[in-house]
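Participant:
Residue numbers (the numbering used here), protein chains in the order written: chain A, 15 to 69; chain B, 7 to 259.
1) Of all the alpha helix (DSSP H) runs that stay within the bounds of the stretch 76-154 of chain B, which reach a length of 4 or more residues?
2) Tell me, to the nearest whole angstrom, how far the beta carbon of residue 233 (chain B) is from that of residue 34 (chain B); I am working on the premise that it is less than 8 Å.
3) Tell me whether residue 53 (chain B) is buried or exposed, calling it buried when 16 or more other Cβ atoms sit within 10 Å of its Cβ.
4) Please confirm whether residue 126 (chain B) and residue 133 (chain B) have their CB atoms less than 9 Å apart.
5) Closer than 6 Å by C-beta to residue 139 (chain B): which residues in its own chain qualify, once you throw out the five before and the five after it? Chain order, please.
6) With a 10 Å radius around its C-beta and 16 neighbouring C-beta atoms as the bar for buried, classify residue 148 (chain B) as buried or exposed.
7) With DSSP run on the structure shown, which of helix, strand or coil describes residue 62 (chain B)?
8) Which same chain residues end up closer than 7 Å to residue 7 (chain B) when comparing Cβ atoms and leaving out the 5 residues on each side of it in sequence?
9) Is the shortest distance between the beta-carbon of residue 27 (chain A) and the beta-carbons of chain B less than 9 Å?
10) So, do the stretch 73-85 of chain B and the stretch 41-53 of chain A have three or more beta carbon pairs nearer to each other than 8 Å?
11) Do we get a CB-CB distance below 9 Å when we pair residue 128 (chain B) with the residues of chain A?
12) Are the stretch 176-187 of chain B and the stretch 94-106 of chain B in contact at 8 Å, needing three or more beta carbon pairs?
13) When you check each C-beta in the stretch 52-63 of chain B against every C-beta of chain A, which residues fall closer than 7 Å?
14) Quick check: the Cα distance between residue 177 (chain B) and residue 152 (chain B), rounded to an integer number of angstroms?
15) By alpha-carbon positions, which one of B:117, B:182, B:92 ends up nearest to residue 33 (chain A)?
16) So for residue 258 (chain B), helix, strand or coil by DSSP?
17) Tell me whether residue 206 (chain B) sits in a helix, a strand or coil according to DSSP, three-state version.
18) Applying the 10 Å Cβ sphere with the 16-neighbour rule, what's the burial state of residue 254 (chain B)?
19) Could you list which residues in chain B have their beta carbon closer than 7 Å to that of residue 49 (chain A), in chain order?
20) Tell me which residues share the same chain as residue 215 (chain B) and place their Cβ nearer than 7 Å to its Cβ, disregarding the 5 neighbours each side in the sequence.
21) If distances are taken between C-alpha atoms only, which option among B:229, B:243, B:258, B:249 comes closest to residue 39 (chain B)?
22) Taking the alpha-carbon positions, what's the residue 51 (chain A) to residue 27 (chain B) distance?
23) By a C-beta neighbour count over all protein chains shown, 10 Å radius and 16 as the cutoff for buried, is residue 95 (chain B) buried or exposed?
24) If I measure Cβ to Cβ from residue 145 (chain B) and keep anything under 8 Å in the same chain, skipping five residues before and after, which residues do I get?
Quick look at the structure:
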């Protein structure tokens with residue numbers, strides 16, 4: 015195999031893992047955000063949020 | 007009554023997760039932009055510098071392998087400092103920091119292992135040898151996986167935080183072993199050529215792209231880390247809300 019193969023494979027692996035981490039962070043944030051919205055829609059709120067609302 | 011201020015005036019203000027979330031919302035787009043710019047410059051330099059007279063084009067693997075390997079150790083060092091924050095100062099965000107950093111550290115260590123193997127085959131004639139440097143980095147990867155599994159396996163977050171913190175600090179002994187393995191033992195892996203007493207021995211032609219890529223990887227780590235910490239804070243808020251909801255439902259029944 016040529017040197018180009020090893021260089022290309024290394025950069026593909028580095029990009030794949032990096033994009034995997036970036037994807038994990040953003041997908042996780044979207045899911046957590048939606049979950050919080052669902053709970054708030056069901057009337058389940060943090061005490062501090064309820065206090066802010068009553069002010 | 008006046009609105010509570012979310013401004014961060016001193017370091018201890020970061021102990022407030024709401025303040026921390028406000029800071030992350032402001033800072034992360036700038037950090038992400040800076041990371042992208044650094045990667046653009048770093049990758050341009052990585053592919054426009056000449057190849058090495060001995061290693062040829064494979065020297066370009068160094069520009070991803072070495073920063074990933076450095077970050078694998080830096081990430082664990084951040085986790086060790088966070089573990090101290092959990093055990094000594096009981097900082098509310100210390101455990102969040104350690105837990106959020108583990109998958110990122112595992113990712114960088116995986117990149118270092120894969121790219122090292124892909125560099126080893128054309129240069130050493132083998133994908134892998136069980137020498138001190140390679141084995142100690144592989145142990146670091148297993149430690150990251152173990153810490154991720156431990157955090158997922160334990161239901162009680164306070165207990166999980168303490169057990170993880172102790173394990174992180176015990177495992178920190180591996181970091182100097184990784185760093186000095188190439189000096190303490192006879193390894194196939196080359197000795198340090200950048201971070202060493204007496205200065206770098208690497209030619210500036212290769213040093214500059216390497217440093218720019220190392221800074222880019224570091225910025226990537228800090229960006230991902232604060233975003234992962236934000237997710238962990240939200241996950242804990244959700245858990246608290248669910249417990250409150252379950253308790254309220256129990257009281258009403």
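Even for Gly, the Cβ is constructed at its ideal location relative to N, Cα and C.
Facilitator: On the basis of the coordinates in this document:
1) Counting only unbroken stretches of 4 or more residues, the alpha helix (DSSP H) elements lying wholly within the stretch 76-154 of chain B are 100-130, in sequence order.
2) The pair is a contact, with the Cβ atoms about 6 Å apart (cut-off 8 Å).
3) Flag for residue 53 (chain B) reads exposed.
4) For residue 126 (chain B) and residue 133 (chain B), yes; Cβs fall inside 9 Å.
5) Around residue 139 (chain B): 187, 188, 193, 195.
6) With fewer than 16 Cβ atoms within 10 Å of its Cβ, residue 148 (chain B) is classed as exposed.
7) Reduced to three states, the DSSP call for residue 62 (chain B) is strand.
8) Because the pLDDT of residue 7 (chain B) is 42, which lies under 50, any placement of that residue in the model is unreliable, and the question is left without a value.
9) By the rule that beta-carbons nearer than 9 Å mark a contact, residue 27 (chain A) touches chain B.
10) They do not touch, by the three-pair rule.
11) Chain A places a beta carbon closer than 9 Å to that of residue 128 (chain B), counting this residue as a contact.
12) At 8 Å Cβ cutoff, the stretches do not touch.
13) Within the stretch 52-63 of chain B, the residues whose Cβ lies closer than 7 Å to some Cβ of chain A are 62, 63, listed in chain order.
14) Straight through space, the alpha carbons of residue 152 (chain B) and residue 177 (chain B) are spaced by roughly 11 Å.
15) Measuring from the Cα of residue 33 (chain A), the nearest candidate turns out to be B:117.
16) If DSSP states are grouped into helix, strand and coil, residue 258 (chain B) belongs with the helices.
17) Residue 206 (chain B): coil per DSSP, three-state reduction.
18) Looking at its Cβ environment, which holds fewer than 16 other Cβ atoms inside 10 Å, residue 254 (chain B) is exposed.
19) Simply 244.
20) Around residue 215 (chain B): 48, 51, 52, 55, 69.
21) Cα-wise, what sits closest to residue 39 (chain B) is B:229.
22) Answer to the nearest angstrom: the Cα atoms are 17 Å apart.
23) Exposed, by the Cβ-count rule.
24) Counting only Cβ-Cβ distances below 8 Å, and skipping sequence neighbours, we find 180.
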